[in-house]
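Protein chains in written order, with my numbering: chain A, 3 to 119; chain B, 918 to 1027.
Glycine included, C-beta positions come from ideal geometry on N, C-alpha and C.
This is the structure in structure tokens:
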């Protein structure tokens, strides 16, 4: 199957700093990528849909100024958590669908665990 | 009310047992049904993908979709300790985003 890579897989930062997480589709082009947040023992919560060359679409309740998404190329989307606070500590996961592939079939990155001190 | 309800678990079975994981849904527009497996601290990986009602088999895994009852299941035969993970059902309409269940954590004991 298609491969999606996330980096970093683990990051610890101080409160007030910004953290950038990268999501890359390694062997396919992804016009759309999705960013999720997952708390322990809970399911994936869709945060935003990242569209190449245009603004991301954020889900209700997700602060777009807090979680900056940039999808500058067909293989890379980035999520920047700005002025991070301890409550932003979570597991962030991205996914992408294969253009021309089966509808709804998503390939997920390995996830990035953010801990804000 | 959630669009997708998944049996919460956790589920603990002995090695070799048959496991049944289930989800119900309320949106009749869902057309695509997926099962993902997620190991601890990892991203989900796609296990099964089905489009219509019926059964689909892949090795020890069988996915079952009953659109009339709005019910999907994943069966695991001859379960192994390596099957221990959280299983997420997901479904999607023709045009919409994928909606995920909350997951069922399975432990297969040797």
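Worksheet entry | Reduced DSSP secondary structure (H/G/I, E/B, other) of residue 10 of chain A | Walking along the first chain from the start, residue 10 of chain A turns up at place 8. Residue 10 of chain A falls in the coil class under three-state DSSP.
Discussion item. Once the 5 residues before and after residue 38 of chain A are set aside, which same chain residues still bring their CB inside 8 angstroms of it?
Written reply: In the first chain, counting from the first residue as 1, residue 38 of chain A sits at position 36. Excluding positions up to five away in sequence, the list reads 46, 47, 48, 49, 94, 95, 96, 97.
Fill in: Identified DSSP bridge partners for residue 971 of chain B
As a first step, residue 971 of chain B is located in the second chain; it is residue number 54 there, counting from the start. According to DSSP, which records beta bridges pairwise, residue 971 of chain B is partnered with B:982.
Practice prompt. Starting from residue 934 of chain B, follow its DSSP beta bridges and name the residues at the other end.
Written response: Within the second chain, the letter at position 17 stands for residue 934 of chain B. BP columns for residue 934 of chain B are empty, so no partner.
Fill in: Buried/exposed call for residue 1012 of chain B, threshold 16 Cβ in 10 Å
Along the second chain, one-based indexing puts residue 1012 of chain B at 95. Exposed, because fewer than 16 other Cβ atoms sit within 10 Å of the Cβ of residue 1012 of chain B.
Discussion item. Just to confirm, is the Cβ distance from residue 55 of chain A to residue 960 of chain B under 8 angstroms?
Written reply: Mapped onto the first chain, residue 55 of chain A falls at position 53. Mapped onto the second chain, residue 960 of chain B falls at position 43. It is not a contact, given that the beta carbons lie outside the stated cut-off.
Fill in: Nearest residue (CA-CA) to residue 938 of chain B, options B:1003, B:992, B:972
Along the second chain, read from residue 1 onward, the residue named residue 938 of chain B stands at position 21. Closest by alpha carbon: B:992.
Worksheet item: Span of the beta strand (DSSP E) holding residue 74 of chain A?
Response: Here residue 74 of chain A refers to the residue found at position 72 when the first chain is read from its first residue. Unbroken beta strand (DSSP E) run through residue 74 of chain A: 69–75.
Fill in: Beta-carbon gap between residue 99 of chain A and residue 34 of chain A smaller than 8 angstroms
Counting from one through the first chain, the residue named residue 99 of chain A turns up at place 97. Counting from one through the first chain, the residue named residue 34 of chain A turns up at place 32. Their beta carbons are under 8 angstroms apart, which means residue 99 of chain A touches residue 34 of chain A by this criterion.
Worksheet entry | Bridge-paired residues (DSSP) for residue 94 of chain A | Counting from 1 along the first chain, the entry for residue 94 of chain A is found at position 92. Paired residue(s): A:39, A:114.
Worksheet item: How is the beta strand (DSSP E) around residue 31 of chain A delimited, first residue to last?
Response: The count along the first chain starts at 1 and reaches residue 31 of chain A at position 29. From DSSP, residue 31 of chain A is part of no beta strand (DSSP E); its letter is neither H nor E.
Discussion item. When you compare the CB of residue 1005 of chain B with every CB in chain A, is at least one pair closer than 8 angstroms?
Written reply: Walking along the second chain from the start, residue 1005 of chain B turns up at place 88. At least one chain A Cβ lies under 8 angstroms of residue 1005 of chain B.
Worksheet item: Using the beta-carbon count (16 or more within 10 Å), is residue 90 of chain A buried or exposed?
Response: Position 88 of the first chain, counted from the start, is the residue given in the question as residue 90 of chain A. Buried, because 16 or more other Cβ atoms sit within 10 Å of the Cβ of residue 90 of chain A.
Worksheet item: Shorter than 8 angstroms from the beta carbon of residue 965 of chain B to some beta carbon of chain A?
Response: Counted from its first residue, the second chain places residue 965 of chain B at position 48. No - not a single Cβ of chain A is within 8 angstroms of the one on residue 965 of chain B.
Item to complete: Enumerate, from N- to C-terminal direction, the unbroken alpha helix (DSSP H) stretches of 4 or more residues contained entirely within the stretch 979–1024 of chain B.
Response: Segments of the alpha helix (DSSP H) lying fully in the stretch 979–1024 of chain B: there are none.
Worksheet entry | Element boundaries [beta strand (DSSP E), containing residue 950 of chain B] | For the purposes of this step, residue 950 of chain B is identified with residue 33 of the second chain, where counting begins at 1. Looking at the DSSP string, the run of the beta strand (DSSP E) that includes residue 950 of chain B is 949–955.
Fill in: Cα-Cα separation, residue 994 of chain B to residue 1000 of chain B
Residue 994 of chain B sits at position 77 when you count from the first residue of the second chain. Residue 1000 of chain B sits at position 83 when you count from the first residue of the second chain. Note on geometry: alpha-carbon atoms of residue 994 of chain B and residue 1000 of chain B lie some 10 angstroms from one another.
Fill in: Cβ-based contacts, 8 angstroms cut-off: residues of the stretch 14–45 of chain A near chain B
When CB distances to chain B are screened at a threshold of 8 angstroms, the residues of the stretch 14–45 of chain A falling below it are 36, 43, 44, 45, in chain order.
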